[in-house]
Structures are given as C-alpha cells and as structure tokens.
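Read top to bottom, the protein sequences are chains A and B.
To convert, note that position 87 of the first sequence is 88 in our numbering; the numbers rise steadily by one, no gaps.
To convert, note that position 98 of the second sequence is 99 in our numbering; the numbers rise steadily by one, no gaps.
C-beta atoms are modelled at their ideal positions from N, C-alpha and C, and glycine is treated no differently.
The structure under discussion appears below in the form of structure tokens.
There are 2 protein chains.
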Amino acid sequence: MSSIVRGARARARIEVTAAIKEEARRQLASEGAARLSLRAVARELGMVSSALYRYFPSRDDLLTALIIDAYDSLGEAAESAHARVTDAGAAPVERWVAVGEAVRAWALAHPQEYALIYGSPVPGYSAPQTTVPAAARVGLLLIGIVRDAHQGHALEVPLLTDELVPEAVRLGADLAPDLPPGAVAALVAAWAQLFGLVGFELFGQFNRVVEEREPFFRFAVTRLAQEVGLR
Amino acid sequence: MSSIVRGARARARIEVTAAIKEEARRQLASEGAARLSLRAVARELGMVSSALYRYFPSRDDLLTALIIDAYDSLGEAAESAHARVTDAGAAPVERWVAVGEAVRAWALAHPQEYALIYGSPVPGYSAPQTTVPAAARVGLLLIGIVRDAHQGHALEVPLLTDELVPEAVRLGADLAPDLPPGAVAALVAAWAQLFGLVGFELFGQFNRVVEEREPFFRFAVTRLAQEVGLR
DNA sequence: CAAAAAAGAGAGCACTGCTCTTGCTATGGA
DNA sequence: TCCATAGCAAGAGCAGTGCTCTCTTTTTTG
Chain A
2 MSSIVRGARA RARIEVTAAI KEEARRQLAS EGAARLSLRA VARELGMVSS ALYRYFPSRD
62 DLLTALIIDA YDSLGEAAES AHARVTDAGA APVERWVAVG EAVRAWALAH PQEYALIYGS
122 PVPGYSAPQT TVPAAARVGL LLIGIVRDAH QGHALEVPLL TDELVPEAVR LGADLAPDLP
182 PGAVAALVAA WAQLFGLVGF ELFGQFNRVV EEREPFFRFA VTRLAQEVGL R
Chain B
2 MSSIVRGARA RARIEVTAAI KEEARRQLAS EGAARLSLRA VARELGMVSS ALYRYFPSRD
62 DLLTALIIDA YDSLGEAAES AHARVTDAGA APVERWVAVG EAVRAWALAH PQEYALIYGS
122 PVPGYSAPQT TVPAAARVGL LLIGIVRDAH QGHALEVPLL TDELVPEAVR LGADLAPDLP
182 PGAVAALVAA WAQLFGLVGF ELFGQFNRVV EEREPFFRFA VTRLAQEVGL R
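In structure tokens:
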C-alpha cells in the first residue's frame, strides 16, 4: 500500500536512516569526508558497525546520500534566496547577485559539504547518475534569470569564434532554446566562474590576498551578471 | 661544506627521497590522494613501512612535498608556455590565453595532482606556509601580463563600488602598485574564475553539458582576458 | 500460527598510519 | 687508525578502518 504507514519496522528504518545521515553529516563537518568513518558513526549511534550496512551497503553509498542532500540543501538555499528578492521586485542583476551570494553563504556555512560536491571528487569514487537532478538546481536557476531578462528586449550577445558556434548551438538547444547561442555559452562559463570564486575563497586561495571577502565577491559576481547580459 | 657531495649516505638519502616521491606520485595518479598509502609506497620500493618515516615524518608531510612539487610543476608549465608565445611576439591577450590553456592542459594531464592543490584541501590538513611561493607562480604570471599591457596606454578600468575601494587599493599596493586598483580587483577575480573553469571541467561538472571542451575554454578564457582589460 | 524476511550482534580478515625497540653501518673526531 | 655517534632498516605491535560472515532475535506476512 502506501509506503507512509507500513508498520513500526518501516517507520524505524526511516528514522534510523535519517539518524545515520545526521550523525554522518556531523562527522563530515568536523572531520572532513576522508575521515568520515562508518564505525564511528555506528558507535555514536550506539549500534554495531555491521548493523549500519543494513542501511547503506557501503561507505560510498552513504557519501552519495550525503552528496545528494548537499546539492538539495544548496539548491534550496539558492532558490529561496532568489524567490525572496524576486518577490521584492528585484531586477535581473539583483536576482543573479542574490543567487551568487546565497551559494557563497551556504558554502561558508557548510564547507565540508561544499567540498564534497564542488571540491575534488572523493578518490576512487564517481558520482552516480542519481545525483544529476539535485546537482542541476543552481544552474537551472541561473538559466531562468537570464531567460527572464531576455523576454522582450534582446541581450547583448557575445561574439563567438567559428569553432565554438556548433557547440554553442547545441548548448542552447539543450539548456535554453529561447536564448541566443552566444548568451548560453557565456552563461555556462559564468556558472563555472561563480563556483571558482566561491571555491577559491573557501579552499584558502584568497588567504593573505583578498581580505574583504564579501565586497569583493559582490563586485565579482556583479561583473559576472553583466557578462551574461544582465543590466 | 657544500651539500652536493657529502658521502654515499647523503647521496642515497636524496635518491631514496626522490624515489619515494616518485612512487607516491604514481599512486596518487592511479588511486587519488585519500588512497595514497605509505605502506603501499614502501612495499613497492621494497622497504619496510617504518623505514619510510626516516624520510617523511608523516603521511601529511609526504603530501605537502607532493603539493609543493605540483605547484612548481604547474607553475613551470605555465611559465614556459608563456615564454614560448612571448618570444613569438604574441599580444597580451594571446599570452593570457596561452597561460590559461597551459593551466588547463596541465590539469588534464595531472588530474589528481591538480585536485591536491586546487580541489578540496585534504581533510584535517592545512597547507603550511612553505607552499606559498610555489603556489603564487601562476598568479604572478597573470599579474605580469596585465602590467606589461598597462605600460603606456591605460587599461579600461572597471567601476568599483564604494565598499570595495579600500580593499582594491590594498590589493593593488600588495600585488601591482603600477596598476589602477580596479584593474587589480578584476585581475584577482579573473584568476579565481580561470581555475573555476578548469575545475568544473576536471571534476565532472561539465559532463553532459559542455562537449567541445577546448573551444569552449578558449572562448571563456579569452573573455576573461578582456575582463582584465587586455585587447 | 508458522514461515519468511529484516534487523542486530559479534567475530574475524586484511588493510591503514604510526611508534618503539633492536640491531647494523657509514661518518667524523681523537 | 679506532671508536663513539648518528643515521638507517627491520620487525613487532597498537589502534583504527571498511567490509563479510554467521548466528540470534524480532517483526511482518501468507
């Protein structure tokens, strides 16, 4: 029947699964992904390590669950920040900047989870297909902003080199058929560059270089908005 | 006296140290940083694991050595690519693009080493001060290109928000006193964004999104050059 | 109510980083 | 030249890891 109420056992399973992820997230935050230990999680939960394998068949599966949750958490943070400023009647640039700042804020608040999804992939581990939808949320949000801004008045379209035209057309067909190909290419680049800014700050490359991180980020992300044609 | 020839023992120490790093790099490339095992390195070298501790006091110290080597290897690749096109009389934009492409090529050729230095920092490990000079090489190279281009004719200077002016001035004083503060801020942002592009490609974020990676990168890195005022 | 499925407990395997002790050997001063 | 010292290798051992297997208990289901 409905998988909602299916007896105490199913209910317990959901709770235990959640408790495992919660404790794993706690250890992830304090120790980092590589030191996340199944045994320690089990120990902390008062269960024996072998019992944990009834819920996650391997350490990598637990990590995958955490990755999906992290993508969703970040996506939700970005989406709700975007909704907030949109409801307040913000212009496209402001909406873009709001999303960028939400990503940065989430990253600073959850550094190890950010590292899990945008840092180096955990060695020997390649993210399964299941993570794709969650991973796409921020990107789709950014696409939406540019598409909205494009309604009616055309964007300033970047020049494309001949060699890039077919790729830009394909990108446009996949991501935003109503946008000119050049704009889509610029958008994808800006998307990657946004996470470059966040990653550099988070992973210490800005140490002893950039001091006033927040104004600097606002400056850079605003310029990115202009790069994708937002005014 | 001179530390060059100081008997068979010192000579052996240098060779063994190099052999350890070499084997470690091999394992790093095939297994990734987290699965790099001191015992496996020792085993492969026909020595017992405890002997390895005479050369590197801990696994982290070995990783640090690999990190410095990686920064230097990347820096040298970028510098020699830059020197090549400069000798051929390339314009500033072309020099910038050449550096960007060298960084990307190095990253694709040494993905695990790139992850070591620009991916998430190894958990529980924070890079010591010794890595700083090696880490700065690519950044300094980019600064040099923009400074050269600035000689004589002034660059187009980005608008700075009030809140960023003091930071931009400080950045300029530290990095390039002869450049206008706005240009320095744009430069630092472009530096981070460059590695954002490379990281996204390398860590799989472009999978099923960008297919023609090389033209796309050329497009994006050329736009970055324009962002820092190069023509 | 009995059979079956699910969960927990515990032992055990092979591996890890790291330490400590025990010998051996090259180096440098008397 | 001799010899104490310092550097090095080897081995055992500790505490921890991921994961598997078996055995028992508990819950669900036909």
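Checklist entry - Helix, strand or coil: how does DSSP classify D163(B) here? => result Residue mapping note: residue 163(B) aligns to position 162 of the second sequence, counting from 1. D163(B) falls in the helix class under three-state DSSP.
Next on the checklist: If you follow the alpha helix (DSSP H) that D179(A) is in, where does it begin and where does it stop?
Outcome noted: If you number the first sequence from 1, residue 179(A) lands on position 178. Looking at the DSSP string, D179(A) is not in any alpha helix (DSSP H), and its letter there is neither H nor E.
Checklist entry - Do you know offhand how far Q227(B)'s Cα is from E168(A)'s? => result The sequence position of residue 227(B) within the second sequence is 226, counting from 1. The sequence position of residue 168(A) within the first sequence is 167, counting from 1. When rounded, the distance between both Cα atoms is 22 Å.
Next on the checklist: Let's see if you can read the secondary structure: which residues bound the alpha helix (DSSP H) around P216(B)?
Outcome noted: To locate residue 216(B), count along the second sequence from 1; it is residue 215. First-last of the alpha helix (DSSP H) with P216(B): R214 to E228.
Next on the checklist: Between which residues of its own chain and F57(B) is the CB-CB distance below 6 Å, once the five residues before and five after are set aside?
Outcome noted: Here residue 57(B) corresponds to residue number 56 of the second sequence, with the count starting at 1. Excluding positions up to five away in sequence, the list reads L63.
Checklist entry - Taking DSSP as the reference, what is the three-state secondary structure of L204(A)? => result Here residue 204(A) refers to the residue found at position 203 of the first sequence. For the record, residue 204(A) in the displayed sequence is Phe; it is not Leu. F204(A) falls in the coil class under three-state DSSP.
Checklist entry - Can you give the Cα-Cα distance for A201(B) and R214(B), rounded to whole angstroms? => result Within the second sequence, the letter at position 200 stands for residue 201(B). Within the second sequence, the letter at position 213 stands for residue 214(B). One detail in the question is off: residue 201(B) reads as Phe in this sequence, not Ala. Going from the Cα of F201(B) to the Cα of R214(B) covers about 11 Å.
Item to check | Cut-off 8 Å between Cβ atoms - residues of its own chain near L203(A), not counting five sequence neighbours on either side | outcome: Taking the first sequence and counting its residues from 1, the one referred to as residue 203(A) is at position 202. Within the same chain, L203(A) has close Cβ partners A108, L109, P112, Y115 and A116.
Item to check | Separation of A30(B) from V133(A), as counted between CA atoms | outcome: Position 132 of the first sequence, counted from the start, is the residue given in the question as residue 133(A). Position 29 of the second sequence, counted from the start, is the residue given in the question as residue 30(B). Roughly 26 Å separates the two Cα atoms.
Checklist entry - Near W97(A), which residues of its chain fall below 6 Å by C-beta distance, leaving aside the five closest residues on each side in sequence? => result For this step, residue 97(A) is matched to residue 96 along the first sequence. Once the five neighbours on either side are set aside, the close Cβ partners of W97(A) are I146, A226 and L231.
Checklist entry - Within the 9 Å Cβ cut-off, does L165(B) reach chain A? => result As a first step, residue 165(B) is located in the second sequence; it is residue number 164 there, counting from the start. At least one chain A Cβ lies under 9 Å of L165(B).
Item to check | Burial state of A150(A), where buried means 16 or more other Cβ atoms lie within 10 Å | outcome: Along the first sequence, read from residue 1 onward, the residue named residue 150(A) stands at position 149. Under this definition A150(A) is a buried residue.
Item to check | Neighbour flag for T65(B) against chain A, beta carbons, 9 Å | outcome: As a first step, residue 65(B) must be located in the second sequence, where it is residue number 64. With 9 Å as the cut-off, T65(B) does not count as an interface residue toward chain A.
Next on the checklist: Tell me the rounded alpha-carbon separation between L156(A) and E80(A).
Outcome noted: By 1-based counting over the first sequence, the position of residue 156(A) is 155. By 1-based counting over the first sequence, the position of residue 80(A) is 79. Distance between L156(A) and E80(A), taken at the CA atoms: about 23 Å.
Item to check | the segment 16-31 of chain A contacting the segment 40-49 of chain A, beta-carbon criterion three pairs below 8 Å | outcome: yes
Checklist entry - Using the C-alpha atoms, what's the distance from L37(A) back to D73(B)? => result The count along the second sequence starts at 1 and reaches residue 73(B) at position 72. The count along the first sequence starts at 1 and reaches residue 37(A) at position 36. Cα to Cα, D73(B) sits roughly 31 Å from L37(A).
Item to check | Contacts around A52(B), its chain only, beta-carbon distance under 8 Å, and the 5 residues preceding and following it disregarded | outcome: To locate residue 52(B), count along the second sequence from 1; it is residue 51. Excluding residues within five positions, the ones whose Cβ falls inside 8 Å are A43.
Next on the checklist: Rounded to whole angstroms, what is the Cα-Cα separation between A11(B) and F207(A)?
Outcome noted: In the second sequence, the residue the question calls residue 11(B) occupies position 10. In the first sequence, the residue the question calls residue 207(A) occupies position 206. Rounded to the nearest angstrom, the two C-alpha atoms are 38 Å apart.
Next on the checklist: Along the chain, where does the alpha helix (DSSP H) containing Y56(B) start, and where does it finish?
Outcome noted: Against the second sequence, residue 56(B) aligns to sequence position 55. Taken as a continuous stretch (DSSP letters only), Y56(B) belongs to no alpha helix (DSSP H), as it is neither H nor E.
Item to check | Inter-residue Cα distance where the pair is A191(A) and G197(B) | outcome: Your numbering for residue 191(A) matches position 190 in the first sequence. Your numbering for residue 197(B) matches position 196 in the second sequence. Going by the C-alpha atoms only, they are around 9 Å apart.
Item to check | Chain-ordered chain B contacts of P216(A) [CB-CB under 8 Å] | outcome: Walking along the first sequence from the start, residue 216(A) turns up at place 215. Correct list: T162, E164, L165 and E168.
Item to check | is_contact[Y72(A), chain B] using C-beta, thresh 9 Å | outcome: If you number the first sequence from 1, residue 72(A) lands on position 71. With respect to chain B, the C-beta atom of Y72(A) has no partner C-beta closer than 9 Å.
Item to check | Nearest-angstrom Cα separation, counted from V199(A) out to L75(A) | outcome: The residue you call residue 75(A) lines up with position 74 of the first sequence. The residue you call residue 199(A) lines up with position 198 of the first sequence. Whole-angstrom Cα-Cα distance: 13 Å.
Checklist entry - How should V49(B) be labelled, buried or exposed, when 16 other C-beta atoms within 10 angstroms of its C-beta is the threshold for buried? => result Start at 1 with the first residue of the second sequence, and residue 49(B) comes out as number 48. Looking at its Cβ environment, which holds fewer than 16 other Cβ atoms inside 10 Å, V49(B) is exposed.
Checklist entry - Can you list, in chain order, the stretches of the alpha helix (DSSP H) that have 4 or more residues and sit fully within the segment 95-157 of chain B? => result The qualifying runs are 112-119, 133-136 and 138-151.
Item to check | Neighbour flag for T131(A) against chain B, beta carbons, 9 Å | outcome: Here residue 131(A) refers to the residue found at position 130 of the first sequence. So no, T131(A) is outside the interface.
Checklist entry - How should G47(A) be labelled, buried or exposed, when 16 other C-beta atoms within 10 angstroms of its C-beta is the threshold for buried? => result As a position in the first sequence, residue 47(A) is number 46, starting the count at 1. Exposed, by the Cβ-count rule.
Next on the checklist: Assuming the contact rule is C-beta atoms closer than 8 Å, A186(A) and L165(A) should be a hit. Round their C-beta distance to whole Å, please.
Outcome noted: As a first step, residue 186(A) must be located in the first sequence, where it is residue number 185. As a first step, residue 165(A) must be located in the first sequence, where it is residue number 164. Confirmed, Cβ separation roughly 6 Å.
Item to check | Nearest-angstrom beta carbon gap, A184(B) and V229(B) [assumed within contact, 8 Å] | outcome: Residue 229(B) sits at position 228 when you count from the first residue of the second sequence. Residue 184(B) sits at position 183 when you count from the first residue of the second sequence. Between A184(B) and V229(B) the Cβ distance is about 7 Å, and since that is below 8 Å, they are a contact.
Item to check | Residue environment, G125(B), which counts as buried when at least 16 other CB atoms sit within 10 Å | outcome: As a first step, residue 125(B) must be located in the second sequence, where it is residue number 124. The pLDDT assigned to G125(B) is 44, lower than 50, so where the model puts this residue is not dependable, and the model offers no usable value.
Checklist entry - Considering only residues of the same chain and omitting the five flanking positions on each side of A92(A), which have a CB-CB separation below 7 Å? => result Counting from one through the first sequence, the residue named residue 92(A) turns up at place 91. Here the set comprises nothing.
Next on the checklist: Between S50(B) and chain A, is any beta-carbon pair separated by less than 9 Å?
Outcome noted: By 1-based counting over the second sequence, the position of residue 50(B) is 49. No, S50(B) lies away from the interface with chain A (no Cβ there is under 9 Å from its Cβ).
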